[in-house]
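Asker:
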Amino acid sequence: MKVKFTTTDCLLYKTIHALYEKVVAKKKDHSLITAHHAIADYIRGRKILCGSPWHLCDHILFISHMESESHWILGRLNIEERCMYMYNSLLTAMKDSAAIKACQPFSVLLPHFFALSDEFKKDNKPISLDPFEVVKVDGLPQQTSNDRGCFVASFAEYFIDMKPIPPIFDVEQHRDRLVVLFFKLC
């Protein structure tokens with residue numbers, strides 16, 4: 001069985017964080033969240049070339065930036081479970097806190113966008129506006145150098161291929177394999 005997923009880009013990260021800052025600055029004014037916002041276009045699958053409408057997917061893969069750490073993480077939204085899984089290759093409680101903070105705009109705003117979309121309304125039940133739960137994925141390999149991009153790409157690839165992520169892997173081997181893959185695609 002293949003996993004049904006779509007991906008996003010770093011512009012969604014920037015867009016959702018900018019909107020989140022505005023909503024918070026205006027004392028949680030959710031009127032800023034509209035069906036015509038660029039984020040709604042991502043959800044409809046119209047914002048990036050390879051994007052799929054989110055209501056046709058089980059999982060949404062996105063990247064999020066931990067600005068305080070200058071570090072990227074992979075996020076995965078499981079739509080059915082209403083849960084966001086955080087794949088972080090830096091292991092400390094402080095870094096986990098920063099990663100959860102980086103995912104918070106997605107967790108808080110996406111339920112409001114889903115509520116605006118008829119495609120997410122099932123059995124005429126209202127959609128919960130409660131934030132999605134954010135869960136840290138444990139047992140991941142940890143980076144020892146500045147290889148966060150390789151880790152994010154590898155975590156996504158393991159999920160897409162429905163393979164368990166090994167607790168330790170050879171980052172050099174993964175980097176070389178990704179280079180060859182990108183070269184073949186060019």
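Counted from 1, the sequence shown has number 179 at position 179 by the UniProt record's numbering; the numbering is strictly sequential.
Ideal placement from N, C-alpha and C gives every residue a C-beta, glycine not left out.
For the beta strand (DSSP E) holding T7, just list the boundary residues, first then last.
Answerer: One-based indexing of the sequence shown puts residue 7 at position 7. Where T7 is concerned, the enclosing beta strand (DSSP E) stretches over 5-7.
Asker: Answer yes or no: does any C-beta atom of chain B fall closer than 8 Å to that of T15?
Answerer: Looking for chain B here will not work: only one protein chain is present.
Asker: Within the same chain, show all residues whose beta-carbon is closer than 8 Å to that of L109, passing over the 5 residues directly before and after it, in chain order.
Answerer: For the purposes of this step, residue 109 is identified with residue 109 of the sequence shown, where counting begins at 1. Taken in chain order, the residues that qualify are I16, L19, Y20, V23, I33, I39.
Asker: Suppose you measure from the CA of residue 198 to the CA of L90; what does that come to, to the nearest Å?
Answerer: Outside the modelled stretch of the chain, which goes from 1 to 186, sits residue 198, for which no answer is possible.
Asker: Would you kindly report the start and end of the unbroken alpha helix (DSSP H) that includes K14?
Answerer: Taking the first residue of the sequence shown as 1, we reach residue 14 at position 14. Element bounds for K14: 10-25.
Asker: Taking buried to mean at least 16 other C-beta atoms within 10 Å of its own C-beta, is H134 buried or exposed?
Answerer: By 1-based counting over the sequence shown, the position of residue 134 is 134. The sequence as given places Val at residue 134; His does not occur at that position. Label assigned to V134: buried.
Asker: Locate the beta strand (DSSP E) running through K136, then write down its first and last residues.
Answerer: On the sequence shown, position 136 is the one that residue 136 refers to. From DSSP, the beta strand (DSSP E) with K136 extends over 133-136.
Asker: Return yes when the Cβ of S107 is within less than 8 Å of the Cβ of P126, no when it is not.
Answerer: The residue labelled residue 126 in the question sits at position 126 within the sequence shown. The residue labelled residue 107 in the question sits at position 107 within the sequence shown. Going by C-beta atoms, P126 is not nearer than 8 Å to S107.
Asker: Going along the chain, which residues of its own chain have a beta-carbon closer than 7 Å to the beta-carbon of P111, five neighbours each way excluded?
Answerer: Your numbering for residue 111 matches position 111 in the sequence shown. Closer than 7 Å at the Cβ level, and outside the excluded window around P111, lie I127, S128, L129, D130, P131, F132.
Asker: State the CB to CB distance for the pair Y85 and N78, rounded to an integer number of angstroms; the pair is presumed to be in contact (CB under 8 Å).
Answerer: Taking the sequence shown and counting its residues from 1, the one referred to as residue 85 is at position 85. Taking the sequence shown and counting its residues from 1, the one referred to as residue 78 is at position 78. Between N78 and Y85 the Cβ distance is about 7 Å, and since that is below 8 Å, they are a contact.
Asker: In this structure, does DSSP put R76 in helix, strand or coil?
Answerer: The sequence position of residue 76 within the sequence shown is 76, counting from 1. Of the three classes helix, strand and coil, the one that applies to R76 here is strand, per DSSP.
Asker: Suppose the cutoff is 8 Å on Cβ atoms and the five residues either side in sequence are ignored; what does the same chain contact list for G51 look like?
Answerer: For the purposes of this step, residue 51 is taken as the residue at position 51 of the sequence shown. Excluding positions up to five away in sequence, the list reads T6, T7, T8, Y42, G45.
Asker: Measuring straight from C-alpha to C-alpha, what distance separates A2 and H37?
Answerer: Translated into the one-based positions of the sequence shown, residue 2 becomes position 2. Translated into the one-based positions of the sequence shown, residue 37 becomes position 37. Per the sequence shown, residue 2 should be read as Lys rather than Ala. Each residue's Cα considered, the two are about 31 Å apart.
Asker: For Q142, collect the residues of the same chain with a Cβ closer than 8 Å to its Cβ; drop the 5 residues on either side in sequence, then sort them by chain order.
Answerer: For the purposes of this step, residue 142 is taken as the residue at position 142 of the sequence shown. Taken in chain order, the residues that qualify are S89, L90, L91.
Asker: Whole-angstrom Cβ separation of L74 and F155, contact assumed at under 8 Å?
Answerer: As a first step, residue 74 must be located in the sequence shown, where it is residue number 74. As a first step, residue 155 must be located in the sequence shown, where it is residue number 155. With 8 Å as the limit, L74 and F155 qualify as a contact, their Cβ atoms being about 5 Å apart.
Asker: Alpha carbon to alpha carbon, how far is W72 from K95? Give it in angstroms, no decimals.
Answerer: Here residue 95 corresponds to residue number 95 of the sequence shown, with the count starting at 1. Here residue 72 corresponds to residue number 72 of the sequence shown, with the count starting at 1. Going by the C-alpha atoms only, they are around 11 Å apart.
Asker: Which same chain residues, not among the five before or five after D138, have their C-beta less than 8 Å away from its C-beta?
Answerer: Residue mapping note: residue 138 aligns to position 138 of the sequence shown, counting from 1. So no residue of the chain qualifies.
Asker: Taking just the CA atoms, how far does K121 sit from A115?
Answerer: For the purposes of this step, residue 115 is identified with residue 115 of the sequence shown, where counting begins at 1. For the purposes of this step, residue 121 is identified with residue 121 of the sequence shown, where counting begins at 1. Cα to Cα, the separation comes out at about 7 Å.
Asker: Are P164 and E119 closer than 8 Å when you measure CB to CB?
Answerer: Against the sequence shown, residue 164 aligns to sequence position 164. Against the sequence shown, residue 119 aligns to sequence position 119. No, Cβ-Cβ distance for P164 and E119 is not below 8 Å.
Asker: Looking at the unbroken alpha helix (DSSP H) that takes in C150, where does it start and where does it end?
Answerer: In the sequence shown, the residue the question calls residue 150 occupies position 150. Element bounds for C150: 148-160.
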